[in-house]
Each structure stands twice: as C-alpha cells, then as structure tokens.
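Residue numbers (our numbering): 26 to 118. Don't be surprised by glycine CBs; every beta carbon is placed ideally from N, CA and C. On a predicted model such as this, the values are computed, not experimentally measured, just so you know. Below: the structure, in structure tokens.
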C-alpha cells in the first residue's frame with residue numbers, strides 16, 4: 026500500500042481519524058442528522074454533522090488514542106505473547 030499512497034503527515038492524520046469516525050458516524054451521526062435536518066435543511070445539517078464528527082474523531086484519535094497506545098501495548102503485549110506461547114505448547118505435534 027505504501028507504493029500507492031505515501032505515508033505523508035496528512036495521510037497519517039486522515040488514517041488516524043478513520044476508526045473513531047467509523048464508531049461515531051452510525052449512531053451519533055444518524056441521530057444528529059435526523060434531528061437537525063428538519064430545522065436547518067439536509068445539506069446544512071450534513072455539513073454541521075460532518076464537521077462535528079470529524080472534529081470529535083480528531084480529538085479522540087490524538088488526545089485519547091495516541092497517548093494511551095504505547096502504554097497499552099506495553100501492558101498487553103507480554104501477556105498476549107505468553108498466551109500465544111502456551112497455545113503453541115499445548116498443541117499436539
């Protein structure tokens with residue numbers, strides 16, 4: 026994939042937004058869109074909701090996910106490796 030899309034800072038930021046946006050868009054986005062559309066029209070509602078969801082995704086990605094990523098990996102990786110090695114040992118040859 027790196028041959029097709031270079032990992033520029035913009036691409037990395039956009040990639041970081043994808044998972045929080047995926048989690049937020051269906052429930053919250055639909056709820057807000059349905060609530061706002063009758064009041065301001067569907068295109069204005071779409072712009073407002075899209076801006077809000079992208080902003081929330083940015084905050085989640087860079088101020089929540091990014092700071093806890095390394096400590097969480099450091100905490101979980103040794104345990105996962107131990108579980109994987111036990112699974113390999115328990116398997117019949």
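Exercise for review: Let me know the secondary structure DSSP gives residue 33 once reduced to three states.
Suggested key: It is coil, neither helix nor strand.
Check your understanding: Is the stretch 85-100 touching the stretch 41-50 in the sense that three or more CB pairs, one from each, lie closer than 8 Å?
Key -> Taking 8 Å as the limit for Cβ pairs, the verdict is that the stretch 85-100 does touch the stretch 41-50.
Review point. Assuming residue 79 and residue 54 make a contact with CB atoms under 8 Å, what is their CB distance in whole Å?
Key: Here residue 79 is actually not in contact with residue 54; their C-beta atoms are around 10 Å apart, not less than 8 Å.
**Study point:** Rounded Cβ spacing between residue 73 and residue 61 (contact assumed at less than 8 Å)
**Key:** So it is a contact: roughly 6 Å between Cβ atoms.
Exercise for review: Could you give the DSSP three-state label for residue 28: helix, strand or coil?
Suggested key: Coil.
Review point. Quick one: Cα of residue 17 to Cα of residue 105, how far?
Key: No statement about residue 17 is possible, as the shown extent of the chain runs from 26 to 118 and does not include it.
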